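Structure first, then comments.
In our numbering, the protein residues as written are 394 to 1107.
In structure tokens form, the structure reads like this:
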């Protein structure tokens, strides 16, 4: 220890400085000292809890580990000060003060490290010189604190406990304060800019919470621990470690409310795979299972550890996946742990690395048992409906025959009554037990319903009887349904109808209905049956979306574009007008994909798609052909210059940078234009000529458009 430090410690040997140890003054203020010590111990507990909580969320996350280290630094700081406030003598004060210095000397560097990771400054974090710059100053300050004067030149006893006597004239003090403030301010600026540039609302809120709480803690802590002591106000001990609870609790709030330090790409990927409703297996190139999802475990009855390392063929029931066309769907039978066989619709795709070499396979399977059960149920319902109709028709025939012979004898009448009762009982039994929703309506009013119909509509029998039958139909579908039923009553052959009904809970369901004209209580009535087909309609919509639209950008694909082109050509022929076809290719897109990754490239393609869509007129069509290539159709052009105007707008729009995953990307486009019919009458020819013009634009410098010119005219 240096002579200066010993002199500072020796000052406490003065009786005036030790007066706190006994007498009335110490007794009056002991509870205050204890309160500060208790507050410091409380801060220790809070910091340790937050650090452990963050590590528990994801111990493999670098952000969570550094936050844990930050909480440990604050815990040491608070722990030392808990004893500084109530130390019995000055040597004890100096000892615990130096213990606490391990926390407050390293706090600035760890805080900046944490904020660099939070704001994803990966390029900076890869530099080797960053870590000595972050942590060496803190270690030097810690060493200085133990061997000489750093911040505190002495300690005075006050009514609130021991208070530091700041030594601001020292160079070490200035270096320490400068390092501390620079680390915090740089971190605040980076966090503020990160929040401003983020397109994710959750990250913006995280940034605002972190910046606000750290600035509040910085201002209050610096005011109490540094500025007031320098100005000569020594009545309040240093409580910066308690004030920093504001920032720590702000980060905790961001964790709880906005999933800070929780939602990582690996966690999100695992969660998506785990929650897939279909089976998913990953195998290596030898066909050995290396990953399965939770749905696979549920269907087969195995745990993941039982399947890992096994050949994929070993869990099949004598089936093998062919080596050709691996992505084609086919039905396979999987063996469960209990020995049963499960039919599964399987598709398999190869996983390749960037070089295009196969590194494994992904196998996705859908349990076919629900589909087969649904098919069986539909068959049963159809058979039940046919049986019910035949039974009703037979009943009417029997009634008519027995009525004709009513006058013969009372005995014949009684026999007819018995037969009718039996037939009605049979009809009622079939009506109530059939697994489809059935109702009878007369003049549009519901007269009879079965339990399945009540279950489908969620109305009780009392609510349905007397209700307008068409009030159950969605208003938009009523004219169509009413018109078809009226034609059926006029003699047109009845066919199944599809429409939507409104349940009691106001939710709509798609139903397939069959309607027949019958006699009920001597008058014409309608016998209707309804089957819920909502799941099938949703599946059809999904298939339609996949068939006609690009899965990444949501733009029309080549199939839908061809249909719209055919329609546009027909309109152009009728109106004797031209139309334009543009091929648009992004310049140097491959460089962005290679340097920033396919994820960034995909997000950029989405942004380009949205921007191009915003430039279209009503009736124009933009489609994605694949990769970074788009095709634009301008139908019914009044003049050739319209195509030039649109192409110029596209080039101008591309000059505005795109904000993608924290990157500000600038991209240009090259455009080739072909005119119908002068440059071709078939879509393939126009696309070829537009593509040729687009490559001319690229060869002449990119970021421009070119009209197709025949080779002989160049």
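Idealized CB from N, CA, C, for every residue including glycine.
Nothing here was measured: the structure is a model prediction, and the numbers come from that model.
- Collapsing the DSSP output to three states places residue 1071 in coil.
- Rounded to the nearest whole angstrom, the CA to CA distance from residue 1020 to residue 828 is 50 angstroms.
- The three-state secondary structure of residue 898, taken from DSSP, is coil.
- 918 is the residue among 760, 880, 887 and 918 whose C-alpha sits nearest the C-alpha of residue 840.
- Residue 466 carries a helical assignment under DSSP once its states are collapsed to helix, strand and coil.
- Distance check between residue 467 and each of 733, 632, 1079 and 1023 places 632 closest, using alpha-carbon atoms only.
- Under the three-state reduction of DSSP, residue 632 is assigned to coil, being neither helix nor strand.
- Distances from the CA of residue 581 to each of 599, 570 and 634 were compared; the closest alpha carbon is that of 599.
- A straight line joining the alpha-carbon of residue 1026 with that of residue 751 spans about 38 angstroms.
- Per DSSP, residue 1003 is one residue of the alpha helix (DSSP H) stretching across 991-1008.
- Beyond the five residues adjoining it in sequence on each side, residue 961 comes within less than 7 angstroms, by CB distance, of 972, 1026 and 1028 in the same chain, given in chain order.
- Residue 787 counts as exposed, since fewer than 16 other C-beta atoms from the protein chains shown sit within 10 angstroms of its C-beta.
- Taking each of 947, 992, 430 and 1014 in turn and checking the Cα distance to residue 955, the smallest one comes out for 1014.
- Membership of residue 587 in the alpha helix (DSSP H) is indicated by the continuous run 564-590.
- The three-state secondary structure of residue 550, taken from DSSP, is strand.
- Per DSSP, the continuous alpha helix (DSSP H) segment holding residue 538 begins and ends at 523-540.
- The three-state secondary structure of residue 750, taken from DSSP, is coil.
- Per DSSP, reduced to three states, the secondary structure at residue 875 is helical.
- Going by C-alpha positions, residue 523 is about 46 angstroms away from residue 741.
- In this structure, residue 630 keeps its C-beta atom at 8 angstroms or more from the C-beta atom of residue 446.
- With a cutoff of 8 angstroms on beta-carbon distance, residue 502 and residue 528 are scored as near each other.
- For residue 1101, there is no enclosing alpha helix (DSSP H), as DSSP marks it with neither H nor E.
- About 7 angstroms separates the beta carbon of residue 758 from that of residue 738, a gap short enough to meet the 8 angstroms contact definition.
- Ranked by how close their Cα comes to the Cα of residue 1066, the residues 929, 974, 1046 and 1050 have 974 in first place.
- The Cβ neighbour count for residue 484, taken over all protein chains shown within 10 Å, is under 16; the residue is labelled exposed.
- The stretch 953-989 contains, as complete alpha helix (DSSP H) runs of 4+ residues, the segments 982-989 (chain order).
- By the criterion of a C-beta distance shorter than 6 angstroms, residue 573 is surrounded in its chain by 501, once the five residues flanking it on both sides are discounted.
- At a Cβ-Cβ threshold of 8 angstroms, residue 538 and residue 498 count as neighbours.
- Residue 867 places its beta carbon 8 angstroms or farther from that of residue 838.
- When 859, 909, 431 and 755 are compared, the shortest CA-CA separation from residue 781 is found for 909.
- Ranked by Cα distance from residue 431, the options 475, 448 and 469 are led by 475.
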